[in-house]
Amino acid sequence: MKKRYSRSSDELVKQNLQQLPQICDNRTKEEVYQNIVKKTGKYGNKRWPTKWVIPTLSTAAALLLLLVLLPNMLSSPKQYTADEDSASIENRQAGENSTENITEQEETDNSLENPERSKQEENDITISEQDEESADETADKTAEETQTHEEPAVDAEDEDPIYDNYVTALTEDDIEQGEKAVTIPLQDVETSVIVPLTFVISESQEPLEAFEELTEEFTGEDVGLDPSALQHIDWTFAGEEGSPLEAEFEEDLSEASSNESEMIVRSLEESMRYLGEKEVILEQNGEEGVELGNYGVLNRYRIDQENRGYYVYTTNENRSFLVSGSGANISSTNENGELLTFHETLEHMKSTGENSSVNASIPEDMVIKEVQEEQDLARVVFSKDSHLSENNNGRLMVEAVLFAAADFGFERVSFEGENLGEAEGYKLHAPIDVPVAPNQIKK
1 MKKRYSRSSD ELVKQNLQQL PQICDNRTKE EVYQNIVKKT GKYGNKRWPT KWVIPTLSTA
61 AALLLLLVLL PNMLSSPKQY TADEDSASIE NRQAGENSTE NITEQEETDN SLENPERSKQ
121 EENDITISEQ DEESADETAD KTAEETQTHE EPAVDAEDED PIYDNYVTAL TEDDIEQGEK
181 AVTIPLQDVE TSVIVPLTFV ISESQEPLEA FEELTEEFTG EDVGLDPSAL QHIDWTFAGE
241 EGSPLEAEFE EDLSEASSNE SEMIVRSLEE SMRYLGEKEV ILEQNGEEGV ELGNYGVLNR
301 YRIDQENRGY YVYTTNENRS FLVSGSGANI SSTNENGELL TFHETLEHMK STGENSSVNA
361 SIPEDMVIKE VQEEQDLARV VFSKDSHLSE NNNGRLMVEA VLFAAADFGF ERVSFEGENL
421 GEAEGYKLHA PIDVPVAPNQ IKK
């Protein structure tokens, strides 16, 4: 219950206070003031530390302690494991040694008790060791044989390649009565090699018509070659017999690349020698003159008989052909720009350039001692150490020499040498007639 306020209460308090003893301070004002100043100077300038300092120092100390103890804590298990493993290994070794000692003791006791049995066991152990040695020797021999079989074949670049699929030349004996030969130029676009191929046609067929037909239709795919660069040309004679040959180009070749232009010109040169022509008139749209790539406008093209030399070209279908130096883009001149002699040409046919796409047709070990020229006969004399290969390489070399001789105007070649041997398809004891044309293709 709340008490009510009354004036009598205040009076009562006042009376009680008056009855208390009197308190009196006898100090002067000055003494009181000095006392206050002293108290203020002792405690007033003291700065108590900030509240966050102590927790911060505690945290830093804890982190430092953790950094000190952490590496030891991490490495302790490994050390413990290593110690434990070491102890385990020692115990295991001790156990094994103990077991071995017990086993040796038992074996010794058994040997003393039963010497015959011990001897038999020794023999068994010896036989077992011999079997293991024999097995190891067999395994080593097998490994050596396996290694021998797995070793790569000897690099055959230093040896003469064997031309098993050489396409032989067409000779007079191959042409029957009522037949004749036509040779067309095919190409390998990738290597820029011109390859002449020879076909036998009926004597009743016009050679120029057969030439144009075969050039257009025979693609060369079966033998690893590309179609002729002269595939889109119409061939005619300008007039009567003896008039120049005309070539009408069906396609615009003004933007032909330098390689395409070169292949056309070299194909023309390769064709005309087998057509028996020296000059051809180039036409387009009925007018004389053809713009041929970097050659510019060509009105006529004339070839001069050159000594060429012959080399071996093998296609990706593994068919090997004879190609002329011109067809292989190999020079037929010496350092002074002079045409090679027949003897020099034969020596030139023993090697090709490093980056050449063709191979030599005459092996290096076939030493030509001398070459004698007697009207239409060329006598090629080899050293006594020179010997023809019994495979297709021998025939290929003979035919390459025969075609090279034909370019120099020879009609026969005599191959002479003490140990020359024989070449397939030819009898070397007598002069040999030059073939009709290279690389016979049978339909």
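Here the sequence shown is numbered in full-length UniProt numbering, starting from 1 and rising by one per residue. We put the CB at the ideal spot given by N, CA and C, even for glycine. If you're wondering where the values come from, they're calculated on a predicted model, not measured in any experiment.
Using 9 Å as the threshold, is the C-beta distance between Leu208 and Leu225 below it?
Counting from one through the sequence shown, the residue named residue 208 turns up at place 208. Counting from one through the sequence shown, the residue named residue 225 turns up at place 225. Against a cut-off of 9 Å, the Cβ pair of Leu225 and Leu208 comes out as no contact.
Apart from the five residues on each side of it in sequence, which residues of its chain come closer than 6 Å, Cβ to Cβ, to Ala229?
Translated into positions along the sequence shown, residue 229 becomes position 229. Excluding positions up to five away in sequence, the list reads Gln187, Met263, Ile264, Ser267.
On the DSSP bridge list, what partners appear for Val280?
Within the sequence shown, numbered from 1, the residue matching residue 280 stands at position 280. DSSP lists Leu245, Tyr301 as partners of Val280.
Quickly, what does DSSP pair Gln187 with across the bridge? List them, please.
For this step, residue 187 is matched to residue 187 along the sequence shown. Beta-bridge pairing links Gln187 to Ile194, Asp226.
With Ala405 as the anchor, note down where its alpha helix (DSSP H) starts and where it stops.
Your numbering for residue 405 matches position 405 in the sequence shown. 392-407 is the extent of the alpha helix (DSSP H) around Ala405.
Any idea what DSSP makes of Tyr295, helix, strand or coil?
The residue you call residue 295 lines up with position 295 of the sequence shown. Helix at Tyr295.
Got a sec, what are the start and stop residues for the beta strand (DSSP E) Arg379 sits in?
To locate residue 379, count along the sequence shown from 1; it is residue 379. Start and end: 377-382.
Taking the alpha carbon of Asn439 as the point to measure from, which residue in Ala169, Leu12, Thr59 has its own alpha carbon closest?
In the sequence shown, the residue the question calls residue 439 occupies position 439. Ranking the options by Cα distance to Asn439, first place goes to Ala169.
Taking only three categories from DSSP, how would you classify Thr236?
As a position in the sequence shown, residue 236 is number 236, starting the count at 1. Thr236 carries a strand assignment under DSSP once its states are collapsed to helix, strand and coil.
Taking buried to mean at least 16 other C-beta atoms within 10 Å of its own C-beta, is Ala60 buried or exposed?
Residue mapping note: residue 60 aligns to position 60 of the sequence shown, counting from 1. Exposed, by the Cβ-count rule.
Report yes or no: do the region 335-345 and the region 212-223 share at least 3 C-beta pairs separated by less than 8 Å?
No: fewer than three Cβ pairs fall under 8 Å.
Report the residue from Glu250, Ala406, Ser258 whose alpha carbon sits nearest the alpha carbon of Val189.
The residue labelled residue 189 in the question sits at position 189 within the sequence shown. Put simply, of Glu250, Ala406, Ser258 the residue whose alpha carbon is nearest the alpha carbon of Val189 is Ser258.
With three or more beta-carbon pairs closer than 8 Å as the criterion, would you say the region 240-256 touches the region 289-308?
yes
Exposed or buried, Val154, counting other C-beta atoms within 10 Å across all chains shown (16 or more means buried)?
As a first step, residue 154 is located in the sequence shown; it is residue number 154 there, counting from the start. Any answer about Val154 is weak, because its pLDDT of 35 lies below 50 and its placement is not dependable; what the coordinates show is given next. Burial call: exposed.
Can you tell me whether Ser204 is helix, strand or coil according to DSSP?
Taking the first residue of the sequence shown as position 1, residue 204 is located at position 204. In this structure, Ser204 counts as coil in the three-state DSSP scheme.
Could you pull out every residue in the same chain whose Cβ sits closer than 6 Å to the Cβ of Ser386, ignoring the five residues on either side in sequence?
Start at 1 with the first residue of the sequence shown, and residue 386 comes out as number 386. Here the set comprises Met366, Val367, Gly417.
Using a Cβ-Cβ cut-off of 8 Å (strictly less than) and excluding sequence neighbours within five positions of Pro152, which residues of its own chain qualify?
Working through the sequence shown from its first residue, we reach residue 152 at position 152. Any reading at Pro152 must be qualified, since the residue scores a pLDDT of 34, below 50, and its modelled position is unreliable; no value is offered.
Sort Gly353, Glu370, Glu179, Glu364 by Cα distance to Asp160 and report the nearest one.
Position 160 of the sequence shown, counting from 1, holds the residue named residue 160. Ranking the options by Cα distance to Asp160, first place goes to Glu364.
Cβ of Ser351 within 9 Å of Cβ of Met397?
As a working mapping, residue 351 is identified with position 351 in the sequence shown. As a working mapping, residue 397 is identified with position 397 in the sequence shown. Result no, Cβ atoms of Ser351 and Met397 do not sit closer than 9 Å.
Skipping 5 residues on each side, what residues in its chain have a beta carbon closer than 8 Å to that of Val434?
What you label residue 434 is simply residue 434 of the sequence shown in a count that begins at 1. The answer, listed in chain order, is Leu402, Phe403, Ala405, Ala406, Phe410, Glu411, Arg412, Val413.
Note down the Cα distance separating Gly353 from Ile184, rounded to an integer number of angstroms.
Here residue 353 is taken as the residue at index 353 of the sequence shown, counted from 1. Here residue 184 is taken as the residue at index 184 of the sequence shown, counted from 1. Roughly 26 Å separates the two Cα atoms.
Can you name, in chain order, every residue of its own chain whose Cβ lies under 6 Å from the Cβ of Gly425, other than the five neighbours on each side?
To locate residue 425, count along the sequence shown from 1; it is residue 425. Arg395, listed in sequence order.
Please report the distance separating the alpha-carbon of Glu422 from that of Glu203.
Locating residue 422 in the sequence shown gives position 422, counting from the first residue. Locating residue 203 in the sequence shown gives position 203, counting from the first residue. Using only the alpha carbons, I get a separation of about 34 Å.
Report buried or exposed for Ser324, applying the criterion of at least 16 other Cβ atoms within 10 angstroms of its Cβ.
For the purposes of this step, residue 324 is taken as the residue at position 324 of the sequence shown. Residue environment for Ser324: buried (at least 16 other C-beta atoms within 10 angstroms of its C-beta).
Report, in whole angstroms, the separation of the C-beta atoms of Ser271 and Arg308, which I expect to be a contact under 8 Å.
Taking the sequence shown and counting its residues from 1, the one referred to as residue 271 is at position 271. Taking the sequence shown and counting its residues from 1, the one referred to as residue 308 is at position 308. 14 Å between Cβ atoms; not a contact.
Go ahead and pull the three-state DSSP assignment for Ile432.
Numbered from its first residue, the sequence shown carries residue 432 at position 432. DSSP places Ile432 in strand when its eight states are reduced to three.
Which residues mark the beginning and the end of the beta strand (DSSP E) in which Ile264 is found?
As a first step, residue 264 must be located in the sequence shown, where it is residue number 264. Run containing Ile264: none in the beta strand (DSSP E); it sits in the alpha helix (DSSP H), 258-275.
Please classify Glu373: does DSSP put it in a helix, a strand, or coil?
Position 373 of the sequence shown holds residue 373. In this structure, Glu373 counts as strand in the three-state DSSP scheme.
Taking its Cβ as the centre, do 16 or more other Cβ atoms sit within 10 Å of Val436, making it buried, or is it exposed?
Position 436 of the sequence shown, counting from 1, holds the residue named residue 436. With 16 or more other Cβ atoms within 10 Å, it is buried.
Could you check what DSSP says for Lys39 in three-state terms: helix, strand or coil?
Numbered from 1 along the sequence shown, position 39 holds the residue referred to as residue 39. Helix, per DSSP.
Mark His429 as exposed unless 16 or more other C-beta atoms lie within 10 angstroms of its C-beta, in which case mark it buried.
Here residue 429 refers to the residue found at position 429 when the sequence shown is read from its first residue. Exposed, by the Cβ-count rule.
Check each candidate in Val297, Glu374, Arg319 and name the one with the smallest Cα separation from Asp222.
As a first step, residue 222 must be located in the sequence shown, where it is residue number 222. Comparing Cα positions, the closest option is Arg319.
Between Glu317, His348, Val358, Leu298, which has its C-alpha nearest Gly327's C-alpha?
Your numbering for residue 327 matches position 327 in the sequence shown. Nearest of Glu317, His348, Val358, Leu298 to Gly327, Cα basis: Val358.
Would DSSP call Ser324 helix, strand or coil?
By 1-based counting over the sequence shown, the position of residue 324 is 324. Here Ser324 sits in strand by DSSP.
At the level of alpha carbons, what is the spacing between Phe199 and Phe211?
Position 199 of the sequence shown, counted from the start, is the residue given in the question as residue 199. Position 211 of the sequence shown, counted from the start, is the residue given in the question as residue 211. So the alpha carbons of these two residues sit roughly 9 Å apart.
Buried or exposed: which applies to Arg273, given that a residue is buried once 16 or more other Cβ atoms fall within 10 Å of its Cβ?
Within the sequence shown, numbered from 1, the residue matching residue 273 stands at position 273. Arg273 should be labelled buried.
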